[in-house]
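Residue numbers (the working numbering): 180 to 515.
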Amino acid sequence: MSTNAIMMNGDGDEEFKGFVVLHGGALQSSGIPPIYWRSLHHKITNEIYDAGEVFGIMQFKQEEEDEGENGSNEERKRDNPVAVISSKVVVTRESGLQASEPSSVFLVDHAWTYRVDHTRQQLEQIPGLLHRMAALMGVDFHGEAPDPDTVELVMELMWKYNQTYKISHGSPEDKVPVWYIMDEFGSQVQHSDQPSCSMAPFFYIPGMLAYTVLWPLQDLQEGDEVTRDYTYGETDPLVRQCRLLPWIPADLEGVSSVTTEPLDSYYEAIISENKEQLPVEIEPYSVPKDKILKVYSEMSQVTNNLTHPRFQLTEDKEDADIIWSYNHIKDYRLET
């Protein structure tokens with residue numbers, strides 16, 4: 180259904196029209212059914228978080244012999260030894276949830292949004308963040324100040340809760356994936372290959388805020404579990420298996436790791452799209468074996484780990500022999 184049809188089927192208010200014009204493409208690509216768009220707009224603009232009126236988090240102790248689609252209890256203990264209690268989200272409203280009801284769409288807040296290279300720093304420095312993440316992941320932590328062991332454990336377990344999105348506009352640096360962890364409610368929605376609901380990130384441009392949107396794929400009764408497909412949209416069985424590894428262990432030793440090199444036309448298309456200038460032909464550059472190469476970099480991965488005696492870090496870009504930049508280089512031609 181086109182965005183024009185959506186606007187004409189509603190009451191035609193200008194705010195909703197603007198919402199559809201601005202976000203229609205993102206809504207369609209996320210698979211959010213048009214029946215929910217008007218209610219979604221209303222809930223975003225009025226900051227309505229009403230999932231708690233329909234759903235609840237149920238905690239339960241997993242039995243030894245219980246083997247569900249998330250693997251055996253022994254595997255769970257091995258992968259997450261601190262998570263003694265399991266959680267799931269269920270419908271708690273007596274009338275259940277009807278997929279045909281336009282208001283059956285819900286906002287899920289994000290507890291933590293970050294760039295990968297800032298992970299440890301934020302866990303150590305943002306007040307309350309480590310405590311919240313530890314509680315969300317089932318890590319027993321009651322200290323006042325962040326301790327290294329808890330930070331390490333949270334960073335190890337966080338990959339079972341991580342989600343990601345990428346801004347489609349702006350510079351290449353802006354398009355670096357943004358990682359986030361949903362709030363306590365959203366993070367407890369479990370995986371299923373036959374999910375009862377769907378969830379997708381949504382970036383609201385006027386407020387510059389990101390949400391996760393939840394909507395039902397079928398009618399649900401009171402007590403029914405809310406599940407989602409952690410690899411939604413992926414149809415390749417092997418890729419699905421790989422993406423589900425944090426939750427469902429699998430033996431992939433028999434899978435070939437050989438990657439076919441793309442044709443030159445693949446790289447030429449990328450260069451053309453990014454409007455990059457290739458280097459001019461020059462004589463191979465060589466340096467004496469005893470020369471100490473000066474390296475300039477803005478990346479902590481480089482500055483914190485480059486310890487070889489042949490390299491020396493410098494803060495002067497003009498004085499550097501090697502520049503390892505975070506920013507995307509588009510003109511590779513040598514300046515004379």
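Every residue gets a Cβ at the ideal spot worked out from N, C-alpha and C, and that includes glycine.
Residue closest to residue i, alpha-carbon to alpha-carbon, out of the options
i	options	result
G412	D403, G402 and P374	P374
W216	Q491, S208, D229 and V199	V199
E455	E226, K196 and I508	I508
S436	V418, Y446, E452 and D443	V418
L424	I227, L336 and G275	L336
K473	Q480, V466, E460 and T493	T493
D495	V481, S476, P488 and N506	S476
V434	E497, S208 and P416	P416
Span separating the alpha-carbon of residue i from that of residue j
i	j	result
A278	W394	8 Å
V270	R407	14 Å
F382	L388	6 Å
S377	K196	25 Å
I384	H202	8 Å
Q397	N225	26 Å
E246	I264	Any reading at E246 is ruled out, since the residue's pLDDT is 45, under 50, leaving its predicted position unreliable.
Y464	A499	15 Å
G204	Y359	22 Å
L136	F239	There is simply no residue 136 to check, as the chain begins at 180 and stops at 515 in what is shown.
Same chain only: Cβ atoms within 7 Å of residue i, ignoring 5 sequence neighbours per side
i	result
V330	R299, L302, E303 and L309
Spatial neighbours of residue i in its chain, beta-carbon cut-off 6 Å, leaving aside the 5 residues before and after
i	result
A429	Q420
K267	M237, Q369 and E404
F490	L472 and V474
R422	T410
Reduced DSSP secondary structure (H/G/I, E/B, other) of residue i
i	result
E447	helix
V578	One cannot answer for residue 578 here, as it falls past the ends of the chain, which runs 180 to 515.
N453	helix
M387	coil
H289	strand
K196	helix
Q277	coil
M478	coil
I185	Any reading at I185 must be qualified, since the residue scores a pLDDT of 45, below 50, and its modelled position is unreliable; no value is offered.
Y511	coil
Check whether residue i and residue j have beta carbons under 9 Å apart
i	j	result
S366	Y390	no
R311	W291	yes
Contact test: residue i Cβ vs the ligand HEM heavy atom, cutoff 8 Å
i	result
A429	Ligands displayed in this structure: none; no statement on the ligand HEM is therefore possible.
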